[in-house]
């Protein structure tokens with residue numbers, strides 16, 4: 003007969019093992035997906051090499067697969083979204099954390115959370131029927147453009163950046179602010195010399211999450227960017243992203259074409275990894291400074 | 020004593036992990052094999068639940084026919100999906116859908132030994148522009164030159180002196196395939212700078228919001244938001260497609276792998292009957308000719 007003490011210890015080990023397995027299953031999921039995508043896309047990358055990555059023509063019917071226009075499109079739209087979304091998001095977060103009266107916070111926070119819950123296809127619909135004609139009439143080009151994609155994505159990543167940045171700002175120890183005030187700094191000086199650097203790692207984490215969402219967004223993007231397989235030369239030019247490429251053609255692609263689409267997915271994966279590493283390196287640098 | 024506990028804990032963790040990893044590898048190995056052969060096999064035809072997948076142009080007609088059919092046969096459930104004609108053909112071949120729909124003729128590579136084709140209707144391809152566009156009539160040659168990028172401005176046809184916004188469908192679209200065959204011909208690709216929308220409805224919305232746009236849609240999708248252009252003086256109507264005077268016409272095809280049986284056969288018989296064809300005509304399309 004097992005003693006109750008031994009039973010407790012066994013239960014303990016068992017529960018630890020279950021938790022360990024659950025955490026591991028997440029890792030397993032990521033590994034399985036990446037393994038499958040790379041295996042499915044490898045034949046094309048192996049046989050075509052650089053002409054796949056740097057070719058600027060995509061004609062699947064004639065066996066020509068070059069994804070450079072889509073790479074440029076994805077990068078353009080993501081950085082456009084970040085250049086609009088990060089300043090606005092940070093400013094919003096600073097307002098919520100430092101300047102807003104409690105009543106305004108009670109109104110603003112639910113509104114921002116609501117923004118996060120809107121499905122991306124609704125954003126795309128809104129972009130297609132309101133934003134695109136507006137750009138066509140007041141800015142230029144025919145509306146379907148990198149600009150339209152950037153604006154829609156910026157609105158989508160705003161809640162992420164605002165909420166995470168606000169949390170980071172709020173978690174800066176009060177002593178920092180009090181010390182700064184004691185030394186005679188103004189509120190703004192405190193914010194931009196003390197609070198922002200102290201909260202920088204959290205803020206950068208928020209930006210990384212926003213960037214990951216932007217680069218992976220599909221539905222809203224294909225509705226507002228025009229899906230043209232040519233390298234955009236201005237923000238008013240239409241473009242196609244890596245994600246848009248996959249979704250437009252996956253349903254019927256077969257053979258080499260399908261492998262090319264999996265390879266596009268692999269490139270997307272690689273980009274997200276690269277961006278994450280880059281930002282982690284920058285944030286380590288920021289923390290050191 | 021402590022070392023004993025640690026060893027036990029480690030053993031249990033390794034055991035659970037090992038089981039999980041084994042299960043994971045097993046699943047991964049299976050799914051890799053399945054991926055090579057692509058999709059699940061066709062369920063028995065005696066089932067009362069099946070899927071029609073494919074052309075977004077055929078989709079509205081399919082939905083109407085399904086509604087009429089299931090009103091008389093409530094035990095049968097039919098799902099209608101889009102995805103494009105090429106996707107529909109692939110789905111029928113692989114068995115992912117029991118009926119695949121296409122709005123263009125199949126190419127020689129796509130025809131399969133067991134693939135059965137049923138032409139259920141004929142449709143015209145309407146060339147559409149914004150209602151405010153003064154241009155009313157074009158020739159097939161004009162349209163070909165616009166879409167290949169040789170003509171850039173509406174002023175060539177009596178419109179404003181602004182650049183034409185060219186809108187096309189994605190590469191797997193049956194409407195695009197039919198358009199390329201009927202209008203562009205061989206060796207005349209649609210210009211790469213044309214904007215791509217991924218369904219008939221999306222093209223219609225895009226043209227309806229841009230006074231400088233031109234696009235092509237199924238005849239059955241015409242509505243107040245856009246204007247159809249006359250081709251050589253012939254208006255785009257079901258009557259002119261039937262008479263043969265409107266040249267841009269293509270078949271709507273239902274495809275099944277092997278001869279259809281059971282509920283699928285009952286549905287296709289209904290579609291080809293005079294009752295089904297009455298619905299086809301009500302949708303603005305043309306009856307199939309035997």
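Protein chains in written order, with my numbering: chain A, 3 to 291; chain B, 20 to 309.
Note that the Cβ used here is the ideal one computed from N, Cα and C, for glycine as well.
The model shown is predicted, which means the values in this text are computed figures rather than measured ones.
Beta-carbon proximity check, residue i vs residue j, cutoff 7 Å
i, j, result
"residue 140 of chain B", "residue 283 of chain B", "no"
"residue 278 of chain A", "residue 266 of chain A", "no"
"residue 224 of chain B", "residue 135 of chain B", "no"
"residue 152 of chain A", "residue 82 of chain A", "yes"
"residue 69 of chain B", "residue 289 of chain B", "no"
"residue 153 of chain B", "residue 178 of chain B", "yes"
"residue 259 of chain A", "residue 62 of chain A", "yes"
"residue 172 of chain B", "residue 180 of chain B", "yes"
"residue 147 of chain B", "residue 236 of chain B", "yes"
"residue 239 of chain B", "residue 304 of chain B", "yes"
"residue 80 of chain B", "residue 145 of chain B", "no"
Proximal chain A residues relative to residue i, where beta-carbon distance stays under 8 Å
i, result
"residue 184 of chain B", "144"
"residue 229 of chain B", "135, 138, 144, 145"
CB contact check: residue i to chain A, cutoff 7 Å
i, result
"residue 189 of chain B", "yes"
"residue 78 of chain B", "no"
"residue 215 of chain B", "yes"
"residue 212 of chain B", "yes"
"residue 275 of chain B", "no"
"residue 59 of chain B", "For residue 59 of chain B, the pLDDT reaches just 46, beneath the cut-off of 50, and the residue's location in the model is therefore unreliable, although a value from the coordinates is still provided. It does not; no Cβ of chain A falls within 7 Å."
"residue 295 of chain B", "no"
"residue 105 of chain B", "yes"
"residue 193 of chain B", "no"
"residue 102 of chain B", "yes"
"residue 109 of chain B", "yes"
"residue 241 of chain B", "no"
"residue 63 of chain B", "With a pLDDT of only 46 at residue 63 of chain B, under the threshold of 50, the placement of this residue in the model should not be trusted, and no figure is reported."
"residue 55 of chain B", "Its pLDDT being 43, under 50, residue 55 of chain B is placed unreliably by the model, and nothing is read from it."
"residue 52 of chain B", "For residue 52 of chain B, the predicted structure reports a pLDDT of 47, less than 50, and the residue's modelled location is therefore unreliable. A value from the coordinates is still provided. Output row for residue 52 of chain B: interface = no."
Min CB distance residue i to chain B below 7 Å
i, result
"residue 121 of chain A", "no"
"residue 240 of chain A", "yes"
"residue 286 of chain A", "no"
"residue 6 of chain A", "no"
"residue 276 of chain A", "no"
"residue 62 of chain A", "yes"
"residue 17 of chain A", "no"
"residue 10 of chain A", "no"
"residue 281 of chain A", "no"
Of the residues the options, the one placed nearest residue i, counting alpha carbons only
i, options, result
"residue 270 of chain B", "B:200, B:112, B:69", "B:200"
"residue 120 of chain B", "B:285, B:180, B:107, B:144", "B:107"
"residue 191 of chain A", "A:96, A:205, A:74", "A:96"
"residue 284 of chain A", "A:34, A:204, A:221, A:232", "A:204"
"residue 238 of chain A", "A:223, A:202, A:189, A:149", "A:149"
"residue 188 of chain B", "B:67, B:74, B:296", "B:74"
"residue 268 of chain B", "B:230, B:246, B:197", "B:197"
"residue 271 of chain A", "A:281, A:231, A:214", "A:214"
"residue 307 of chain B", "B:279, B:285, B:272", "B:272"
"residue 149 of chain B", "B:118, B:111, B:110, B:222", "B:222"
Proximal residues of chain A, C-beta to C-beta of residue i below 9 Å
i, result
"residue 224 of chain B", "130, 131"
"residue 220 of chain B", "What residue 220 of chain B touches in chain A: nothing, since even the nearest Cβ is about 11 Å away."
Per-residue contacts from residue i into chain B (C-beta, under 9 Å)
i, result
"residue 229 of chain A", "189, 214, 215, 216, 217"
"residue 232 of chain A", "211, 212"
Beta-carbon separation (whole angstroms), residue i vs residue j, contact threshold 8 Å
i, j, result
"residue 134 of chain A", "residue 226 of chain A", "6 Å"
"residue 55 of chain A", "residue 69 of chain A", "7 Å"
"residue 261 of chain A", "residue 45 of chain A", "5 Å"
"residue 167 of chain A", "residue 87 of chain A", "So it is not a contact: roughly 11 Å between Cβ atoms."
"residue 174 of chain A", "residue 216 of chain A", "Actually they do not touch by this definition, with Cβ atoms about 27 Å apart."
"residue 103 of chain B", "residue 193 of chain B", "7 Å"
"residue 191 of chain B", "residue 253 of chain A", "7 Å"
Residue i: contacting residues in chain B (beta-carbon distance under 8 Å)
i, result
"residue 294 of chain A", "Outside the modelled stretch of chain A, which goes from 3 to 291, sits residue 294 of chain A, for which no answer is possible."
If the cut-off is 7 Å on Cβ atoms, which residues from the segment 234-267 of chain A count as contacting chain D, listed in chain order? The structure shown contains no chain D; its protein chains are A and B.
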